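Numbered per my numbering, the sequence shown spans residues 241 to 459.
The next block holds one structure in the form of structure tokens; read it before the comments.
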Amino acid sequence: MNRSAKRPWRRMIDGRDRYRLATAGVWGVGTGLLGASLASRPDSAEFYGFTLATAATFTLGGLAATPPAAGPSKRQVLTPVVIGVGAFGVFYGCALVVRRIPFLRNAIAGVLQYAERGPTPPVLLIALANGAAEEIFFRGAVYAAVPRRPIAVSTLVYMGTTAATRNPALVLAAAVMGALFGAQRRWTGGVRAPMITHLTWSTLMIQYLPPLFAPAASA
241 MNRSAKRPWR
251 RMIDGRDRYR
261 LATAGVWGVG
271 TGLLGASLAS
281 RPDSAEFYGF
291 TLATAATFTL
301 GGLAATPPAA
311 GPSKRQVLTP
321 VVIGVGAFGV
331 FYGCALVVRR
341 IPFLRNAIAG
351 VLQYAERGPT
361 PPVLLIALAN
371 GAAEEIFFRG
381 AVYAAVPRRP
391 IAVSTLVYMG
401 TTAATRNPAL
411 VLAAAVMGAL
421 FGAQRRWTGG
431 VRAPMITHLT
441 WSTLMIQYLP
451 PLFAPAASA
């Protein structure tokens, strides 16, 4: 009786461990690809290849490593868009201050050179594809793999991936936005809301932030 009662629990533990192992594997591959993408030359075949591979890895791997949802998620569109616009407003205000600090200005300009030198439509599409992929993986697979403090852990893992770019501005943004996306994940029960917020925020950042750092990016 006791042995038969333990078997379903053992199967559940094994299934959870498989999801965690798959998540760790996807994280390692995706992190390496992200680092390689921002180490390549802007507007080059390598840059587009690595960024597309990163998006594909986090999307397909995230879907495969995410266990079935426990319940329905809240379907929201307008609120996540408003949150994305508000987050952009905060970052834009911070950028007006940060661009006066040489160290942080150079870090941000180093990222924006990909939007500044590359054709806008392809760069925007790649950024949106990677933004959606990150939500599927970090707020999907990683969040679901952590039973305790999923917001904090998924944000730290998100920061760890971003650290592969060796850019402090991106790591700081990952800390702030990762916590926001994680809170949306908990509030709504799914990745739809954080994905919409992420895409809204990314679109506005790519569209309006480069002019603030154009001289440094051009240099």
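We put the CB at the ideal spot given by N, CA and C, even for glycine.
These numbers were taken from a predicted model, which means no experiment stands behind them.
Check: Taking 9 angstroms as the cut-off, decide whether the C-beta atoms of Ala413 and Phe298 are in contact.; Outcome: no
Check: Determine the direct distance from the alpha carbon of Phe290 to that of Leu336, and round the result to whole angstroms.; Outcome: 31 angstroms
Check: Is Phe287 closer than 9 angstroms to Tyr332 when the C-beta atoms are compared?; Outcome: no
Check: Check Arg345 in the structure and name its three-state DSSP category.; Outcome: helix
Check: Closest by CA to Gln447, which one among Thr360, Pro387 and Arg425?; Outcome: Thr360
Check: Would Ser394 and Gly430 qualify as a contact pair, given that the criterion is a beta-carbon distance under 9 angstroms?; Outcome: no
Check: If you reduce the DSSP assignment to three classes, tell me which class Asn370 lands in.; Outcome: helix
Check: Runs of 3 residues minimum, wholly inside the region 348-430: which ones carry the beta strand (DSSP E) assignment?; Outcome: none
Check: Compare the C-alpha of Leu365 against each of Pro451, Gly350 and Leu439 and name the closest.; Outcome: Leu439
Check: At which residues does the alpha helix (DSSP H) containing Ala309 begin and terminate?; Outcome: Here Ala309 belongs to no alpha helix (DSSP H), and DSSP marks it neither H nor E.
Check: List the endpoints of the continuous alpha helix (DSSP H) containing Phe328.; Outcome: Leu318 to Val338
Check: Would you call the CB atoms of Gly268 and Thr294 closer than 9 angstroms?; Outcome: no
Check: Determine the direct distance from the alpha carbon of Gly380 to that of Ala296, and round the result to whole angstroms.; Outcome: 15 angstroms
Check: Taking its Cβ as the centre, do 16 or more other Cβ atoms sit within 10 Å of Arg388, making it buried, or is it exposed?; Outcome: exposed
Check: Span of the alpha helix (DSSP H) holding Ala433?; Outcome: Arg432 to Tyr448
Check: Any idea if Gly301 is buried or exposed, counting beta-carbon neighbours within 10 angstroms, 16 or more meaning buried?; Outcome: buried
Check: Give me the Cα-Cα distance between Met445 and Ala327, rounded to the nearest whole angstrom.; Outcome: 10 angstroms
Check: Asn407 and Val363: beta carbons closer than 9 angstroms?; Outcome: no
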